[in-house]
Amino acid sequence: MISKISIPMLAILIAGLAFCNRENENFDPKVKYGQEIRTFADGREDQLPYFQGKDFQPIWSKATEVPEGAIRIPDFRFTDQHSRAFGMKELKGKVYLANFFFTRCHGICPMTMPHMRKINTKFAGNPDFRMVSYSITPDLDTPAVLTDYAKRMGITHPDWHLLTGDKQEIYGLARDSYGADTDTKTTQGDSKFLHSEQAFLVDADGYLRGIYNVRFEKDLGTVESDLSKLLASLR
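Heads up: the sequence shown at position 65 corresponds to 67 in the working numbering, and the numbers run straight through without jumps.
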């Protein structure tokens with residue numbers, strides 16, 4: 003009851019309410035928050051973001067040009083399950099979805115790879131779409147091992163490439179261009195790598211445009227929607 007509130011306390015409450023009202027009236031997130039929050043708040047539903055910096059901050063282009071500093075996947079050259087050389091040359095002008103795995107994985111991979119296969123099945127008929135899976139144990143995952151793994155996992159479409167190659171090159175690509183190492187914030191050395199359940203969407207110009215958790219089937223709709231947007235932009 004008001005009768006039990008002291009006069010000084012009531013004065014403090016009134017002053018506090020007045021301050022809160024002024025704070026709300028003058029609130030401007032572009033002033034109060036840092037660049038990361040300001041940029042993320044400018045997100046657009048009709049356009050996929052680019053990514054920037056070591057923390058993979060999403061940024062949206064205000065026009066048709068690519069934002070400065072946007073992450074672009076560098077050139078690479080590895081070997082696929084068919085013992086064929088494969089890299090950015092073959093991906094030029096293609097939209098692709100990438101992930102990281104290893105054939106002896108008994109944890110995340112058995113959950114993520116079937117979901118990747120569902121996406122592959124839906125878009126496999128599109129000539130502008132590819133899928134790329136990088137092995138993080140390339141010393142063990144030879145082309146022959148990858149071929150056997152593909153059979154076991156039902157990976158049959160020729161445009162899904164399981165890649166093996168130089169271990170340090172794959173790790174460097176994973177960490178620097180995809181942010182795929184879940185343990186980058188703790189130092190365990192360059193030879194150790196903890197892959198995640200993420201998949202990465204790359205546009206026809208090689209820019210990273212989406213990062214998704216593909217462990218759960220309920221999240222696949224977002225991946226498929228974003229893929230459709232990029233593929234439609236090529237028409």
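Virtual Cβ for every residue (Gly too), placed ideally from N, Cα, C. From a predicted model like this one, the values you see are computed outputs, not experimental measurements.
I need the DSSP call for residue i, collapsed to helix, strand or coil.
{"i": "HIS117", "result": "helix"}
{"i": "GLY212", "result": "strand"}
{"i": "ARG177", "result": "helix"}
{"i": "ILE61", "result": "strand"}
{"i": "ARG154", "result": "helix"}
{"i": "ALA182", "result": "coil"}
{"i": "GLY191", "result": "Unreliable placement is indicated for GLY191, whose pLDDT of 48 sits below 50; the coordinate value is still reported in the next sentence. Looking at GLY191 - three-state DSSP - the assignment turns out to be coil, as it is neither helix nor strand."}
Could you check the C-alpha separation between residue i and residue j for me, to the nearest Å?
{"i": "LEU50", "j": "TYR136", "result": "24 Å"}
{"i": "ASP161", "j": "GLY55", "result": "30 Å"}
{"i": "GLY89", "j": "LYS64", "result": "31 Å"}
{"i": "THR158", "j": "MET133", "result": "12 Å"}
{"i": "LEU148", "j": "LEU236", "result": "31 Å"}
{"i": "GLY191", "j": "ILE138", "result": "Model confidence at GLY191 stands at a pLDDT of 48, short of 50, so the residue's coordinates are unreliable; what they give is reported in the following sentence. In a straight line, the C-alpha of GLY191 is about 15 Å away from that of ILE138."}
{"i": "MET118", "j": "GLU67", "result": "30 Å"}
{"i": "HIS163", "j": "ASP48", "result": "30 Å"}
{"i": "PRO112", "j": "GLY71", "result": "35 Å"}
{"i": "LYS120", "j": "PRO69", "result": "32 Å"}
{"i": "ASP205", "j": "LYS96", "result": "7 Å"}
{"i": "CYS107", "j": "GLY156", "result": "16 Å"}
{"i": "PHE58", "j": "GLY181", "result": "7 Å"}
Any heavy atom of the ligand ADP closer than 7 Å to the CB of residue i?
{"i": "GLY174", "result": "You won't find the ligand ADP in this model; it holds no ligand whatsoever."}
Return the chain-ordered list of same chain residues with a C-beta closer than 6 Å to the C-beta of residue i, the five sequence neighbours on each side being excluded.
{"i": "ILE110", "result": "GLU199"}
Who are the Cβ neighbours of residue i in its own chain at under 7 Å, not counting the five residues just before and after it?
{"i": "ASN215", "result": "GLU199, GLN200, ASP221"}
Which runs of the beta strand (DSSP E), 3 residues or longer, sit entirely within the segment 81-150? 87-89, 97-103, 131-137
Should the segment 146-159 be regarded as contacting the segment 221-233, the criterion being three or more beta carbon pairs within less than 8 Å? no
Assess, as a yes-or-no matter, whether the segment 160-178 is touched by the segment 200-210 under the definition of 3 or more beta carbon pairs within less than 8 Å. no
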